[in-house]
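For what it's worth, UniProt numbering labels the leading residue of the sequence shown as 1, then goes sequentially.
Glycine residues also receive a C-beta, built at the ideal position from the N, C-alpha and C atoms.
Computed from a predicted model, the values in this text were never measured in an experiment.
Notes to accompany the following structure.
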Amino acid sequence: MDDKPFRFPGCGFAVYENVCGSWLVFSRDDGCFLVNPFSGTTVTLPALSSVRLRPPNAVAKYKWSDVGTAKCPYITWMHINDSEKLHITKLIMCSSNLVAALVGIGHTSQILMCQPGALSWSVRAYNQCKDFQDMSFYQGKLYTVAKDENLLMVNISQDHSTGDPQVSRIGQVIKGDSPPWYSRVFEDNSKAYKKLYLVESCGMLLMVRRTIWCQVPEPGGDDKVMAGKNEFEVFEADFEHSRWVKVLTLGDDQVLFLGRRCSRSMSVSQYGLPGDCIFFLDDDEDNCLEYAYDEENSSFGVYSMRFRSIHSGDPNISWKRCAEMYLAVWLFPEDR
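Put into structure tokens, the structure is as follows:
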């Protein structure tokens, strides 16, 4: 495996918004588009301002200030669709005629879908927006996981008038069992924050629970919440019994490349790399930061499932943070 830095010639990719496998995702006022920097291929997608509502006459029935009350118990797409902070948090090219995306603000997002080259996205306007953590297209079906660790399956139908894909129903297939102590501040002023990832590996759908232990300032203090050590737990989706089953090993030749925007499982025996590891990035969204990092610490690490320990990455590459650094992402050639 060549560990030298590789640069795409003549490409200015500093303003990409997201990543999907081998595609970089860009969003502009006049439309979104995907660019494959390996092949130079481009795919156009609708602008986030061009969304086909279902039902077509949907309106925001209540004001944002009413959200959380008996009058309006939850947020819908109609509450967030005009926000300047609206952005794509996850995008999947499911097939040649289906693109699915999580689009929202902060921790709140909704599921949109379209065909490549279409003029508009489709959304169920009155569905509840959730803190969707990740999404995966697994064995021909679309799944998403929310902060409560419930695994949801997204049923897709076709618009009879346009032929475009649309969400027909979202159903729960696994009920999560999230530890209750994530909202607690412990006596030593530590607090755990959680991130969830979905990734297919060796025919299984895995959920990775990543815990970031942070130090909370004393009451009344001006210090920031500072991120500390990471811990990882891996669970397999047991569809037959509708439950998550803890996994203790990924396999001697398997590794997970874990990222909020894109994750991938790979066999690494041909590269002479150790298996049973998780390569992870600090992948927080810019508009929903809950804690800060020590800039002296690395933004990348490797977690060993076997030894339950973390070590830093390639010593030949600088992973230190700086104010100008855009957080790294995983980008995979099509044959990987």
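Span of the beta strand (DSSP E) around H241: No beta strand (DSSP E) contains H241, which DSSP labels as neither H nor E.
Supposed contact pair R264 and residue 408 - C-beta distance, whole angstroms, cut 8 angstroms: With the chain covering 1 to 336 only, the question about residue 408 has no answer from this structure.
Beta-carbon proximity check, L142 vs V173, cutoff 7 angstroms: no
Secondary structure of D134, DSSP reduced to three states: strand
Counterpart residues of K246 in DSSP-defined beta bridges: F235
As assigned by DSSP and simplified to three states, the class of H87: strand
Bounding residues of the alpha helix (DSSP H) (the contiguous stretch that carries C80): For the sequence presented, residue 80 should be read as Ile rather than Cys. Note, I80: alpha helix (DSSP H), 77-80.
Exposure label - G140; buried when at least 16 CB within 10 Å: exposed
Start-to-end residues for the beta strand (DSSP E) that takes in G106: It is not in any beta strand (DSSP E) - G106 carries neither H nor E in the DSSP assignment.
Residues near Q115 by beta carbon distance below 6 angstroms, same chain, minus five either side: N97, D164
Distance CB(L196)-CB(Q128) smaller than 7 angstroms: no
Closest by C-alpha distance to Y303, when choosing among L289, S242, H241, E233: E233
Sequence-distant residues of the same chain with beta carbon closer than 6 angstroms to residue 357, five excluded per side: Residue 357 is absent from the structure shown; the chain starts at 1 and stops at 336.
K194: first and last residue of the uninterrupted beta strand (DSSP E) it sits in: 190-201
Q270 versus R260, D252, S157, D30, residue with shortest Cα-Cα distance: D252
Cβ contact (3+ pairs, closer than 8 angstroms) linking the region 211-219 and the region 244-258: no
Rounded C-alpha distance that separates K71 from I111: 24 angstroms
Identity of the residues DSSP links to M153 by a beta bridge: Y143, G171
Between the CA atoms of G104 and D131 - distance to the nearest angstrom: 9 angstroms
Under 7 angstroms between C-beta atoms of S120 and P46: yes
Beta-carbon proximity of M305 to D283, cut-off 7 angstroms: no
Identity of the residues DSSP links to C72 by a beta bridge: V67
C-beta contact flag for G176 and M153 at 7 angstroms: no
Residue interval of the beta strand (DSSP E) (run including Y303): 300-304
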